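Participant:
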Amino acid sequence: MSNVDPNAPTASFPSPASGHGRPGPARYLVPVLVAAAVAVGLGAYGKIHDPAGTAFNLAGFSSTGAVKSWLATAAFAFALVQVVSALGMYGRLPGLRDAPWLPPVHRWSGRIAFLLAVPVAVHCLYGLGFQTFGSRVMWHSLAGCFFFGAFSAKMLLLRSERLPGWLLPVVGGLVFTVLTVIWLTSALWFFRTFGVTT
Numbered sequence: 001m002s003n004v005d006p007n008a009p010t011a012s013f014p015s016p017a018s019g020h021g022r023p024g025p026a027r028y029l030v031p032v033l034v035a036a037a038v039a040v041g042l043g044a045y046g047k048i049h050d051p052a053g054t055a056f057n058l059a060g061f062s063s064t065g066a067v068k069s070w071l072a073t074a075a076f077a078f079a080l081v082q083v084v085s086a087l088g089m090y091g092r093l094p095g096l097r098d099a100p101w102l103p104p105v106h107r108w109s110g111r112i113a114f115l116l117a118v119p120v121a122v123h124c125l126y127g128l129g130f131q132t133f134g135s136r137v138m139w140h141s142l143a144g145c146f147f148f149g150a151f152s153a154k155m156l157l158l159r160s161e162r163l164p165g166w167l168l169p170v171v172g173g174l175v176f177t178v179l180t181v182i183w184l185t186s187a188l189w190f191f192r193t194f195g196v197t198t
């Protein structure tokens, strides 16, 4: 029988070694795996299914290409707002770090950019599929899949605690860079080829 009083104060006993020190790299494995699964899953689906070739139009637009180009341009514009607001929140723009309106602008610009990008991506994936018949189209297909994978990882990392200070800006910058490639290989190409038209 033990002589230890279970109700005695524990201050004099050494605490067990804590495994909650600096988090190891394994904690980032889930976001990386999810990002890879999303990107590969979208690419595989886009490659193996027969493209439906369906069109979607909105009143006031002349073609599916015009609708998608303007939606993509609006998404890109809101993504630019998110980058500028992030720079302000990280103290890279003088006088904006403590602005109370900055975090809501950052969050809502990201949400709106994503919501504008989704119908464009759904049509690309379902109506056209993953295509590789030209370098522009191939890079656009790859970037589209990578974007949604990287975006998924960013959303998971936002919910993580004690992230290194550099990680979120790097992942956010990566998401924005990929979105820029998508816009350059789609909307900008459309406007340069067919004119700035609705």
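Using full-length UniProt numbering, you'd call the opening residue of the sequence shown number 1 and step up by one each time.
Positions of the beta carbon are idealized from the N, C-alpha and C atoms, including for glycine.
The model shown is predicted, which means the values in this text are computed figures rather than measured ones.
Could you tell me whether the Cβ atoms of Phe148 and Ile112 are closer together than 9 Å?
Facilitator: Locating residue 148 in the sequence shown gives position 148, where the first residue counts as 1. Locating residue 112 in the sequence shown gives position 112, where the first residue counts as 1. No, the pair does not count as a contact, with Cβ atoms beyond the cut-off.
Participant: Compute the Euclidean distance between the alpha carbons of Trp166 and Ala39, then round it to the nearest angstrom.
Facilitator: Your numbering for residue 166 matches position 166 in the sequence shown. Your numbering for residue 39 matches position 39 in the sequence shown. Straight-line Cα distance between these residues: approximately 23 Å.
Participant: Which whole-angstrom value describes the C-beta separation of Ala74 and Leu125, a residue pair presumed to lie in contact below a C-beta threshold of 8 Å?
Facilitator: Within the sequence shown, the letter at position 74 stands for residue 74. Within the sequence shown, the letter at position 125 stands for residue 125. Not a contact, Cβ separation roughly 19 Å.
Participant: Under 9 Å between C-beta atoms, does Ser186 make it to chain D?
Facilitator: Here there is only one protein chain, and chain D is not present.
Participant: Report all residues from its chain with a CB closer than 6 Å to the CB of Met138; omit the five preceding and five following residues, and keep chain order.
Facilitator: Counting from 1 along the sequence shown, the entry for residue 138 is found at position 138. Answer for Met138: Thr132, listed in chain order.
Participant: Using the beta-carbon count (16 or more within 10 Å), is Ile48 buried or exposed?
Facilitator: If you number the sequence shown from 1, residue 48 lands on position 48. Classification of Ile48: exposed, given that the 10 Å Cβ count is below 16.
Participant: Are the CB atoms of Leu42 and Gly144 within a distance shorter than 9 Å?
Facilitator: Counting from one through the sequence shown, the residue named residue 144 turns up at place 144. Counting from one through the sequence shown, the residue named residue 42 turns up at place 42. Contact flag set, yes.
Participant: Suppose the cutoff is 8 Å on Cβ atoms and the five residues either side in sequence are ignored; what does the same chain contact list for Arg27 look like?
Facilitator: Residue mapping note: residue 27 aligns to position 27 of the sequence shown, counting from 1. Here the set comprises Ser160.
Participant: Which of helix, strand or coil does DSSP assign to Phe148?
Facilitator: What you label residue 148 is simply residue 148 of the sequence shown in a count that begins at 1. Correct three-state label for Phe148: helix.
Participant: Can you give the Cα-Cα distance for Phe56 and Pro169, rounded to whole angstroms?
Facilitator: The residue labelled residue 56 in the question sits at position 56 within the sequence shown. The residue labelled residue 169 in the question sits at position 169 within the sequence shown. Phe56 and Pro169: Cα-Cα distance of roughly 35 Å.
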